[in-house]
Amino acid sequence: MSLAGGFGCAASVLLAFCSDYELEEDVAARIACGLGGGCASGEICGAVSGALLTVGLKYGQELAGDVSTKANCSARASQLVGEFKKRNSALTCRDLLGGDITTDEGLAIYFEKRTTVCPALVRSAVEILEELEY
Numbered sequence: 089m090s091l092a093g094g095f096g097c098a099a100s101v102l103l104a105f106c107s108d109y110e111l112e113e114d115v116a117a118r119i120a121c122g123l124g125g126g127c128a129s130g131e132i133c134g135a136v137s138g139a140l141l142t143v144g145l146k147y148g149q150e151l152a153g154d155v156s157t158k159a160n161c162s163a164r165a166s167q168l169v170g171e172f173k174k175r176n177s178a179l180t181c182r183d184l185l186g187g188d189i190t191t192d193e194g195l196a197i198y199f200e201k202r203t204t205v206c207p208a209l210v211r212s213a214v215e216i217l218e219e220l221e222y
């Protein structure tokens, strides 16, 4: 799994599951676009964000007040996040790539590593989703 057609990590993960949830690819790409680069702040990795969107597609709450469904989705999201952190040692772009993208130096590191490190993180997120049967 690589970065899909020039899309970021979040979109790449979500795009891998569009056909499973009858989600139009252009809609998925737009939904996930703002999550790249750790929500453009170096925070939570886009691959994790895209995976969490996928969890929501399968298990998300549809009805206001449906606390049982919301709790189930939250538990599954927590499981996914825990497994990603276990396998990759971190959850933030800053830690995964070794630079703070809010600085010029960190942004340079991000652009350098996103072609080598990020595809592996996308692959990891997709594999976790598949293993956990999302």
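Counted the way our numbering counts, the sequence shown spans residues 89 to 222.
We put the CB at the ideal spot given by N, CA and C, even for glycine.
The structure presented is a predicted model; accordingly, all values stated were derived computationally and were not measured.
Checklist entry - If we ignore side chains and look at the alpha-carbon of each, how far apart do Arg209 and Leu111 end up? => result For the purposes of this step, residue 209 is taken as residue 121 along the sequence shown, with counting starting at 1. For the purposes of this step, residue 111 is taken as residue 23 along the sequence shown, with counting starting at 1. As written in the sequence, residue 209 is Leu, which differs from the Arg given in the question. One C-alpha to the other measures close to 22 Å.
Which of helix, strand or coil DSSP assigns to Thr142: One-based indexing of the sequence shown puts residue 142 at position 54. Note: Thr142 maps to helix in three-state DSSP.
>> Please state whether the Cβ-Cβ distance between Ala135 and Val101 is less than 7 Å.
In response: Within the sequence shown, residue 135 is the residue found at index 47, counting from 1. Within the sequence shown, residue 101 is the residue found at index 13, counting from 1. Cβ distance < 7 Å, so Ala135 and Val101 count as in contact.
task: Tell me whether Ala163 is buried or exposed, calling it buried when 16 or more other Cβ atoms sit within 10 Å of its Cβ.
output: Indexing the sequence shown from 1 puts residue 163 at position 75. Counting Cβ neighbours within 10 Å, Ala163 comes out exposed, since fewer than 16 surround it.
Exercise for review: Would you mind sorting Cys206 into buried or exposed? The rule is 16 or more other CB atoms within 10 Å of its CB.
Suggested key: In the sequence shown, counting from the first residue as 1, residue 206 sits at position 118. That one is buried.
| query | From this set, Cys121, Gly187, Ala165, Gly153, which residue's C-alpha is nearest Ile216's C-alpha? | reply | Taking the sequence shown and counting its residues from 1, the one referred to as residue 216 is at position 128. Nearest option by C-alpha distance: Ala165.
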